[in-house]
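Be aware that the sequence shown starts at 62, since it is given in our numbering, and climbs by one per residue.
Just so it is clear, CB atoms sit at the ideal spot from N, CA and C, and this is done for glycine as well.
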Amino acid sequence: QGGDLIWQIGTGYFGCRTAAGGFDADRFADQAALDAVRMIELKLSQGAKPGHGGVLPGRKVSREIAATRGVPAGQTVLSPPAHSTFSTPIGLLEFLARLRELSGGKPVGFKLCVGQRVEFLRLCKAMLDSGILPDFITVDGGEGGTGAAPVEFANSVGMPARDGWMLVHDALRGVRLRHRITIIASGKILTGFDMARALALGADLCVSARGMMLALGCIQALRCHSDHCPTGIATQNPALAHGLHVDDKAPRVARFQQATVESLLELLAAMGLSHPDALGPQHIFRRISNSRVRTLQELHEFLPEGALLNGHERGAWHDDWRAACDGSLWREAEQR
Numbered sequence: 062q063g064g065d066l067i068w069q070i071g072t073g074y075f076g077c078r079t080a081a082g083g084f085d086a087d088r089f090a091d092q093a094a095l096d097a098v099r100m101i102e103l104k105l106s107q108g109a110k111p112g113h114g115g116v117l118p119g120r121k122v123s124r125e126i127a128a129t130r131g132v133p134a135g136q137t138v139l140s141p142p143a144h145s146t147f148s149t150p151i152g153l154l155e156f157l158a159r160l161r162e163l164s165g166g167k168p169v170g171f172k173l174c175v176g177q178r179v180e181f182l183r184l185c186k187a188m189l190d191s192g193i194l195p196d197f198i199t200v201d202g203g204e205g206g207t208g209a210a211p212v213e214f215a216n217s218v219g220m221p222a223r224d225g226w227m228l229v230h231d232a233l234r235g236v237r238l239r240h241r242i243t244i245i246a247s248g249k250i251l252t253g254f255d256m257a258r259a260l261a262l263g264a265d266l267c268v269s270a271r272g273m274m275l276a277l278g279c280i281q282a283l284r285c286h287s288d289h290c291p292t293g294i295a296t297q298n299p300a301l302a303h304g305l306h307v308d309d310k311a312p313r314v315a316r317f318q319q320a321t322v323e324s325l326l327e328l329l330a331a332m333g334l335s336h337p338d339a340l341g342p343q344h345i346f347r348r349i350s351n352s353r354v355r356t357l358q359e360l361h362e363f364l365p366e367g368a369l370l371n372g373h374e375r376g377a378w379h380d381d382w383r384a385a386c387d388g389s390l391w392r393e394a395e396q397r
């Protein structure tokens, strides 16, 4: 209570859900009106298991959880792998516009772990065609960050964070929308340097779940889904949850956040920079052999502003942009 919260809405529409599992506009509007809700994030996928649904065992669905999620207490709850309210890029953007209107104009965006480049370019094309833009895009890395995911998905599915950040940054620059959409970096961000690297690769700000969990006392027991988390963090078992002492743990999380941000500022000062906005790929070096180092600017070919619109894209970007411009994928939405 009392915090500034990002309300993340997944495929199960928990907190704004009908009895049948669909989206409840009236309930969403009521919840979104709360002062604590500062932004609304529509989750398309997460790095731990992109393209995969989720299961919350019935033993973890306490009365409190049931009331919050809008589901029956004690019953296993399923999160589908995809949203039921839309199935096309245009449909996604129209749903975001609806959420923005229902929330009274609060910032809305979506979170995803990038898959194929052409898929994100189709979203960019839909933004140009519809004129509907998200306020932000959270780009998660495919490295995985939960014990409640299949090993194959956690380790092998989804684009790695750094590549995903650069792809989204480049794609938005290529269609001249970068200055209108905030990019939020997510995925294994634990230190001030992790933040610096993300900002240098195109992010505007960073979020950290893994870091906060470790500061809270997570020991990565990989029992998140079992209701037997030994630290009491990811369980509804009162005996185990009793071990999570809020008055002791909360200051640790706050100190970790403050110290991490301060370490970023110290790095910026060491580079002679006065603001994170001044940080670019030319400031970060990577060793590529025993005798050679290169900047991220030299190692990666960043797409120029407007390149996709003026025909200056090259190689795979050219082919993927042409494929993205095939309107067949959103004719379904236009025919409604």
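- Inter-residue distance for Arg-120 and Leu-301 is about 14 Å (C-alpha atoms, whole angstroms).
- Of the residues Leu-139, Leu-184, Val-132, Gly-135, the one whose Cα lies closest to the Cα of Leu-157 is Leu-184.
- Put simply, of Ala-368, Glu-366, Ile-349 the residue whose alpha carbon is nearest the alpha carbon of Glu-359 is Ile-349.
- Our two residues, Val-236 and Glu-366, have alpha carbons roughly 7 Å apart in a direct line.
- Annotation: the continuous alpha helix (DSSP H) that includes Met-227 extends over 222-235.
- DSSP, reduced to helix, strand and coil, places Leu-357 within a helical segment of the structure shown.
- For Asp-190, the secondary structure class from DSSP, reduced to helix, strand or coil, is helix.
- Remark: fewer than three beta-carbon pairs, one from each stretch, lie closer than 8 Å, so the stretch 163-174 and the stretch 366-385 are not flagged as touching.
- Straight across, the Cα-Cα distance linking Asn-216 with Val-138 is about 25 Å.
- Taking the CA atoms as reference points, Phe-214 sits about 20 Å from Ala-295.
- In the three-state scheme derived from DSSP, where H, G and I count as helix and E and B as strand, Lys-121 is classed as helix.
- Taking C-beta separations shorter than 6 Å and ignoring five residues to either side along the sequence, the partners of Ala-384 in its chain run Val-179, following chain order.
- Just measuring C-alpha positions, the residue of Asp-96, Cys-279, Gly-341, Arg-124 sitting nearest Arg-313 is Cys-279.
- For Leu-66, the enclosing beta strand (DSSP E) has its first and last residue at 66-70.
- By DSSP's assignment, Met-100 forms a beta bridge with Ile-67.
- Of Trp-382, Leu-334, Leu-325, Cys-386, the smallest CA-CA separation from Leu-251 is found for Leu-325.
- Under the three-state reduction of DSSP, Cys-174 is assigned to strand.
- In this model, Asp-381 and Ser-106 are separated by some 21 Å (Cα to Cα).
- Taking C-beta separations shorter than 8 Å and ignoring five residues to either side along the sequence, the partners of Thr-243 in its chain run Gly-170, Asp-196, Phe-197, Ile-198, Asp-265, Leu-266, following chain order.
- Between Leu-238 and Leu-194, the C-beta spacing is below 8 Å.
- Phe-214 is not bridged by DSSP to any residue.
- In this structure Leu-370 is exposed. Its beta-carbon is surrounded by fewer than 16 other beta-carbon atoms within 10 angstroms.
- Taking C-beta atoms under 8 Å as the contact rule, Gly-203 and Lys-249 fail to qualify, at a distance of about 10 Å.
- Taking C-beta atoms as the reference points, Gly-293 and Leu-283 fail to come closer than 8 Å.
- In this chain, Thr-252 is not harboured by any beta strand (DSSP E), its DSSP state being neither H nor E.
- In this structure, DSSP gives Arg-284 a state outside helix and strand, which the three-state scheme calls coil.
- In the three-state DSSP reduction, Ile-245 falls in the strand class (E or B).
- Put simply, the backbone Cα of Leu-329 is about 7 Å away from that of Pro-337.
- The shortest CA-to-CA distance from Thr-146 to any of Gly-135, Leu-189, Lys-104 is the one to Lys-104.
- Counting of Cβ neighbours within 10 angstroms places Ala-259 among the buried residues, the total reaching 16 or more.
- Looking at Phe-317, Gly-166, Asp-190, Gly-115, the one whose alpha-carbon comes closest to that of Ala-270 is Phe-317.
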